Structure formats: C-alpha cells, structure tokens
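Protein chains in written order, with our numbering: chain A, 372 to 484; chain B, 1000 to 1113.
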C-alpha cells in the first residue's frame, strides 16, 4: 500500500527566506506525486504534480519540487517566501493507473515578518 | 467556471442524529471523490464515483456511511447515526475522465458530533 510521510508538522520561516518542505513516500513503483496547499477557509489547491519526465517540477506561486527516486522523496521548495504563503501544505501520492490519492498529515507553514 | 462546492460549510449535530453532506462537482467531471480529515490526521480517501457508479468505496469507515450520486451529477454523503469519531472535515473533489487529470477540491464541510 502507498503511504506518505511529512516529518515536519509545523515550520516557521521569515518572509523572504527560502523554504523546503519534506515529503517521503512509499510505493512499489514510480508513483504520481502531488503537492496541495490549503489556505484558511479554502479548499485544497494543487500546487504541482509529477507523473513522468523531468524530475524537477515547476508549479504555481513560484513553487517547485524535485522527485528523487533513490531517496523516495518529493520535497517542495520556494526560494523566497511571502506572507501569503502561510497555509497548510499536503504531499500526496497516487498509484499509476488509478486516481485514488493518499495524503500525508500536512505541514503548517507560518511566515513571520 | 464554478469550482467544486460543498454544503453545508459547517454542521454541528448530536450523537445519534443523521447528517447529509452535499457536493456539487465541476460541471462535466465524471469522477467524484470523498475524503475525510479527522483532527490532526491525514486526509483519507473514502470513495470514488465514476458518473453514478461507485468505483471504489474501500475507504468508507462502516455501514453508517452512505454515499450516492444521482444521475452522475451532485453527490450526497449521509452519516446515520452519527458517532463522536465521525467529527472532522469532509472534502469532495472532482476530475475529468483521465487518470492524470487533476482532482479539484471543494472547501470542505466541517462536521462536529457532540
């Protein structure tokens, strides 16, 4: 069965600083990988996804993620965080050929001035 | 284009009562999913409709939960009778027909069972 681990429950960064959110997955083959963000009072919004090809994926709002098969990781990065990035971020994995998605427990990002 | 909508946004009921949650997917999306997040835990898959048919309901907790999707449009999720452990946020998502198509999520319904 597939699973996702987000080891950081809560992260605080200063505005303008760089950000990296960690995600490790467990799946027997090459999975579909996703990052979603949930802002307060909003639904989950897809930031980016990896299905195949280039292992460095660009997403919306200046985010990127890198798929590293050897480390079973799909970490999310942003070079300079804005106060509006404060939200909860979810990494997710999906099995190829099927749309069921398994989510991690989420990482809450706090941005301080 | 309207996104996925869910109603109500919040519901507070007492143990033993019945609650029905509604999800309206994006028009034209054949796939509809229900997920649930219990406080502090991960978002868990409940079930998946393709049009009006249940493709996978392996995540449904027990037979107190009943999901329907009449005519392949909106879906309802009924909890009867509700228990304390049913509290959480229920998300609905929809996608078009292909496996690679993005799942678009609604804002969720926060259910509190007292």
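Note that CB positions come from ideal geometry on N, CA and C, so glycine has one too. None of these values were measured; they are calculated from a predicted model.
Practice problem: Please decide whether residue 1073 of chain B counts as near chain A, where near means a Cβ-Cβ distance under 9 angstroms. | Solution: no
Quiz prompt | Residues within the segment 458-483 of chain A neighbouring chain B, beta-carbon criterion of under 9 angstroms | solution = 461, 463, 465, 467, 468, 469, 470, 471, 472, 473, 474, 475, 476, 477
Self-check item: The beta strand (DSSP E) enclosing residue 1036 of chain B, as first and last residue numbers
Solution: 1030-1036
Quiz item: How close, in whole Å, do the beta carbons of residue 462 of chain A and residue 445 of chain A come, if the pair is a contact with beta carbons under 8 angstroms?
Solution: 6 angstroms
Quiz prompt | Euclidean distance between Cα positions of residue 457 of chain A and residue 388 of chain A | solution = 13 angstroms
Exercise. Please name the residue, chosen from A/390, A/483, A/423, that lies closest to residue 454 of chain A on a Cα-to-Cα basis.
Key: A/483
Quiz item: Which parts of the segment 409-433 of chain A are runs of the beta strand (DSSP E), unbroken and 3 residues or longer, counting only runs that do not cross its ends?
Solution: 415-421, 427-429
Quiz prompt | Separation of residue 1080 of chain B from residue 414 of chain A, as counted between CA atoms | solution = 27 angstroms
Exercise. Taking 8 angstroms as the threshold, find out whether the segment 376-391 of chain A comes into contact with the segment 400-419 of chain A through three or more Cβ pairs.
Key: no
Exercise. Report yes if the CB atom of residue 1036 of chain B is closer than 9 angstroms to the CB atom of residue 1076 of chain B, and no otherwise.
Key: no
Exercise. Give the range of the beta strand (DSSP E) segment to which residue 1092 of chain B is assigned.
Key: 1087-1094
Quiz prompt | Proximity to residue 1072 of chain B [Cα-Cα], best of B/1092, B/1082, B/1007 | solution = B/1092
Self-check item: the segment 1006-1026 of chain B contacting the segment 474-481 of chain A, beta-carbon criterion three pairs below 8 angstroms
Solution: no
Quiz item: Apart from the five residues just before and just after residue 395 of chain A, which ones in its own chain have a Cβ nearer than 6 angstroms to its Cβ?
Solution: 376, 443, 444
Exercise. Assign residue 456 of chain A to one of three DSSP states: helix, strand, or coil.
Key: helix
Self-check item: Endpoints, the beta strand (DSSP E) within which residue 1067 of chain B is located
Solution: 1064-1067
Exercise. Check distances from the C-beta atoms of the segment 414-442 of chain A to those of chain B and list, in chain order, the residues that come in under 8 angstroms.
Key: 414, 415, 416, 417, 420, 422
Quiz item: Closest to residue 1059 of chain B by CA distance: which of B/1085, B/1102, B/1096 is it?
Solution: B/1085
Quiz item: DSSP three-state call for residue 465 of chain A: helix, strand or coil?
Solution: strand
Quiz item: Between the Cα of residue 418 of chain A and the Cα atoms of A/447, A/464, A/373, A/451, which residue gives the shortest distance?
Solution: A/447
Self-check item: Where the segment 1077-1088 of chain B meets chain A: residues whose CB sits under 7 angstroms from a CB there
Solution: none
Quiz prompt | Contact set for residue 1002 of chain B: own chain, Cβ-Cβ below 8 angstroms, skip 5 residues either direction | solution = 1025, 1103, 1105
Exercise. Leaving aside the five residues before and after residue 1051 of chain B along the sequence, list all residues of the same chain whose C-beta is less than 8 angstroms from its C-beta, in chain order.
Key: 1068, 1069, 1070, 1071
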